[in-house]
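*Asks:* Under this note's numbering, the first residue of the sequence shown carries the number 116, and numbering increases by one thereafter.
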Amino acid sequence: MNSGEIEKRFADIEARLGRVESLISKTAALPATPAVRPGAAKPPSSKPDPGDRPSLVTSILGWGGAVALVLAAAYLIRLAVESGWLTPVRQVAFAAIFGFMMIAAGFFLRNKYRHYAGLLPAGGVVILFLSIYGAHLFYGFIETTPAAVGVVLVCLLSLWLCTAFASDLYALFAVAGSYSAPLLIAGAPSVTDLVIYFSAWGVVFSVFSIWHGRRLIYLLALYLALIIFDFMWRGRAPDAWGAALAFQTVQFGIFGSATAMFSVRNQSPLDPALAWMHLPALLIFYFLQYALLNKHLPEFAPWIAVASAFVVAGLYGTARAFLQRPLPGGELLLWVYIALVLFHAGYVESVPHSWAPWVAFAIMPVLAVISWRHGAAIQVGWPIWVGVAVIFAINYLRIVFDADLASVPGRQLLAIVYALQLYLGYGFIRSRESLKGFASLVLYAAHICAMAAALHLLDERIVESAAWGVLALA
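(1) For L550, name the three-state secondary structure that DSSP assigns.
(2) Given a cut-off of 8 Å on the beta-carbon distance, is the pair A210 and L245 in contact?
(3) I'd like to know whether the C-beta of A436 is nearer than 8 Å to at least one C-beta of chain D.
(4) Compute the distance between the beta-carbons of V310 and A358, then report whether it is under 8 Å.
(5) Does the count of Cβ pairs from the region 376–386 and the region 436–447 closer than 8 Å reach three?
(6) For E446, does the three-state DSSP call read helix, strand or coil?
(7) At what residues does the alpha helix (DSSP H) containing L271 begin and finish?
(8) By Cβ distance below 8 Å, which residues in the same chain neighbour I514 in space, the five residues on each side in sequence not counted?
(9) According to DSSP, simplified to helix, strand and coil, what is D354?
(10) Relative to the C-alpha of L271, which residue among D283, Y248, S293 is closest?
(11) For the ligand ZN, is there a heavy atom less than 7 Å away from the beta-carbon of A373?
(12) Around the C-beta of F223, are 16 or more other C-beta atoms found within 10 angstroms, so that it is buried, or is it exposed?
(13) Nearest to M479 by alpha carbon, out of A434, G540, F437?
(14) Could you check which residue in P441, A340, Y254 has the C-alpha nearest to that of V85?
(15) Threshold first: 4 residues or longer. Then list the alpha helix (DSSP H) segments lying entirely within the region 279–337, N to C.
(16) Assuming V557 and L537 are in contact, meaning their beta carbons sit under 8 Å apart, how far apart are those beta carbons, in whole angstroms?
(17) By how many angstroms is the C-alpha of P467 removed from the C-alpha of V266?
(18) Can you tell me the Cα-Cα spacing of L482 and S295, whole angstroms?
(19) In angstroms, rounded to a whole number, what distance separates the CA positions of Y462 and L360?
(20) Quick check on the burial criterion: 16 or more other C-beta atoms within 10 angstroms. Buried or exposed for G239?
(21) Counting Cβ pairs closer than 8 Å, one from the region 427–437 and one from the region 405–418, do we hit at least three?
(22) How many Å lie between P276 and S282 at the Cα?
(23) Excluding the 5 residues preceding and the 5 following N510 in the sequence, name in chain order all residues of the same chain whose CB lies nearer than 7 Å to its CB.
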C-alpha cells in the first residue's frame, strides 16, 4: 500500500469522525426528555357510581311497576274466582307460585336492570304474606301453627333478600310481618307465648341489625314490640301483669344492649339526631312500666325506675369505655332519662306535697355545687337543669301566690329563703360567661319573691294596726 492510499484512508476516517462529532453535538443540544414511568393505578373507589343510585323517577317507575303487577294478579284472581274456575286452594297456590316467580325474576334481572330488579322480590314477599293470611283467615284450610310457621319462613326469606339485594326494605317487611302476625292469625295465644315470640324476634332483629349495620331495623322492631304487645295483653289478659312486666324488662335489656353493641361493633355512636329517634321508645317503655308497677307494686315503682336509670347509665358507660370518645347522642339520652326519673319518680311520686317547697329549695344548690365541682357546663346536663327548674318554678309560684301552703312547715320563712337563694344564684350566674343570659331573669324573680315575702309577713299586721287606728280615731 503506497503513501497516497494511506493518506486517502486517513482523510476518510477524519471525515467520518467529523460527521459523528456533529451528530453528537446536535443530540446534546436537544432538551433531555424525562423517562416516562407508568402511572400507578388508582385504587378502586369504594363509593358507588352515581349511575348505580336510583333516581326519584326510577324509583317511582319501579314501584309503580311492582304495584301494577300485584294489582294485575289480584284482578286475574278475581276474574277466575267469579268464573268458578279457581278454587280456594288453587287461588292460594297460584298466588304463592306467582310470588316466588317474582322473587326469581328479580334475581334473573339483577345484573341487567338493578334499579327495577330489587323491587320484584319485594312484591313477591308481599304476595307470599297475603297468600298465608288469605289461606288462614279467609278460607281456613291452614291452621294456626302452619300459618305461623309460614310467616316465620317468609320473614327469614325477606331477611335473606335484604342481604342479597342490599336493601333495607326487605328487613322492614320482615319486621312488620313478624310483629303483625299475632294480630292477624286467628286464635288467642297466651301472654307467655307472646313474650317468648316477641323476645325471640327481638333478638333476631337486633343481631341482624348489628350485623347489617342499620339501626332502623331494631328501632322499628322495638316500637312495634312495645305497642303491639301492650295492646294485646290489655285486651286479652289484663290480669297477667307479671308476664307483661317481664316482657317490658326483657325488651329493655334486649334493645338497650343492641343499641350499645351496635355503636361498639360498627364504630358508629349515636348522634343527637339518632338519639331523638330512640327517645320516644325509651319514654314509652318508662311510662308503660311505671303505670304497671304503680298499679300492682306501688311501693317498688320509684326504686325500679331509679334502677332502670342506672342500667341506662351502665350501657352508656360501657359503650364509651370501648369507643374511647365522647358519645353526644348517648349522653343526651342518658341525661333526659335521668331527668325524667328524678322529676317523675323522685319528685312527683315520692315527695310529700307538704314538703315539696323545701325539697325544691334544697335541690337547686346541691345541683349547682355538683356542676361546679365537676366542671359540667349547662350544655352537658341541660335536661337535669330543665327538670330542676320546673320543680323550682312550680313551688316558686306556690310561694309567691301563697297557694296551697297551709300544711307546709315553716311556711312563713319560705318566701324569705327563696328570695335569698335567688339573689345568691344571681351572684353565681353573673360570674359565669355561659350563664349570663339567665342573670336578669333570676334577678327579677328574686325581687318579686322579696316583695311577696314582705306582703305575706306584713299583711296581717298592717290590717290589724289599721283597724286599731280606726277605732282609736272613732
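Ideal Cβ placement from N, Cα and C applies to all residues, glycine included.
*Replies:* The answer reads as follows:
(1) The residue you call residue 550 lines up with position 435 of the sequence shown. Note: L550 maps to helix in three-state DSSP.
(2) The residue labelled residue 210 in the question sits at position 95 within the sequence shown. The residue labelled residue 245 in the question sits at position 130 within the sequence shown. For the 8 Å CB-CB criterion, A210 and L245 form a contact.
(3) Protein chain content of the structure displayed is limited to a single chain, and chain D is not contained in it.
(4) Along the sequence shown, read from residue 1 onward, the residue named residue 310 stands at position 195. Along the sequence shown, read from residue 1 onward, the residue named residue 358 stands at position 243. Between V310 and A358, the gap from beta carbon to beta carbon is short of 8 Å.
(5) The region 376–386 makes contact with the region 436–447, as at least three CB pairs between them are under 8 Å.
(6) On the sequence shown, position 331 is the one that residue 446 refers to. It is helical.
(7) Here residue 271 is taken as the residue at index 156 of the sequence shown, counted from 1. It spans 259–280 - the alpha helix (DSSP H) in which L271 sits, taken as one unbroken run.
(8) Residue 514 sits at position 399 when you count from the first residue of the sequence shown. Exclusion of the five residues before and after I514 leaves P472, L520, L529, A530, Y533, C564, A567 as the residues of its chain whose Cβ lies within less than 8 Å of its Cβ.
(9) Your numbering for residue 354 matches position 239 in the sequence shown. The answer is coil: DSSP assigns D354 none of H, G, I, E or B.
(10) Along the sequence shown, read from residue 1 onward, the residue named residue 271 stands at position 156. Scanning D283, Y248, S293 for the CA closest to the CA of L271 turns up S293.
(11) For the ligand ZN, the structure offers nothing, since it holds no ligand at all.
(12) Walking along the sequence shown from the start, residue 223 turns up at place 108. Under this definition F223 is an exposed residue.
(13) If you number the sequence shown from 1, residue 479 lands on position 364. Per the C-alpha coordinates, the member of A434, G540, F437 positioned closest to M479 is G540.
(14) With the chain covering only 116 through 589, there is no way to say anything about residue 85.
(15) Within the region 279–337, complete alpha helix (DSSP H) segments of at least 4 residues are found at 283–299, 306–327, given in chain order.
(16) For the purposes of this step, residue 557 is identified with residue 442 of the sequence shown, where counting begins at 1. For the purposes of this step, residue 537 is identified with residue 422 of the sequence shown, where counting begins at 1. Sure, about 6 Å apart at Cβ, within 8 Å.
(17) Numbered from 1 along the sequence shown, position 151 holds the residue referred to as residue 266. Numbered from 1 along the sequence shown, position 352 holds the residue referred to as residue 467. A direct Cα-Cα distance of roughly 52 Å separates V266 from P467.
(18) Residue numbering aside, residue 482 sits at position 367 when the sequence shown is read from its first letter. Residue numbering aside, residue 295 sits at position 180 when the sequence shown is read from its first letter. Near 46 Å, if we compare the C-alpha coordinates of S295 and L482.
(19) Locating residue 462 in the sequence shown gives position 347, counting from the first residue. Locating residue 360 in the sequence shown gives position 245, counting from the first residue. Straight-line Cα distance between these residues: approximately 23 Å.
(20) The sequence position of residue 239 within the sequence shown is 124, counting from 1. That one is buried.
(21) The region 427–437 vs the region 405–418: no contact.
(22) Position 161 of the sequence shown, counted from the start, is the residue given in the question as residue 276. Position 167 of the sequence shown, counted from the start, is the residue given in the question as residue 282. Here the sequence assigns Leu to residue 276, which means Pro is not the residue at that position. Just so you know, the alpha carbons of L276 and S282 end up roughly 8 Å apart.
(23) Here residue 510 is taken as the residue at index 395 of the sequence shown, counted from 1. Within its own chain, the residues whose Cβ lies closer than 7 Å to the Cβ of N510, once the five positions on either side in sequence are excluded, are A471, P472, A475, listed in chain order.
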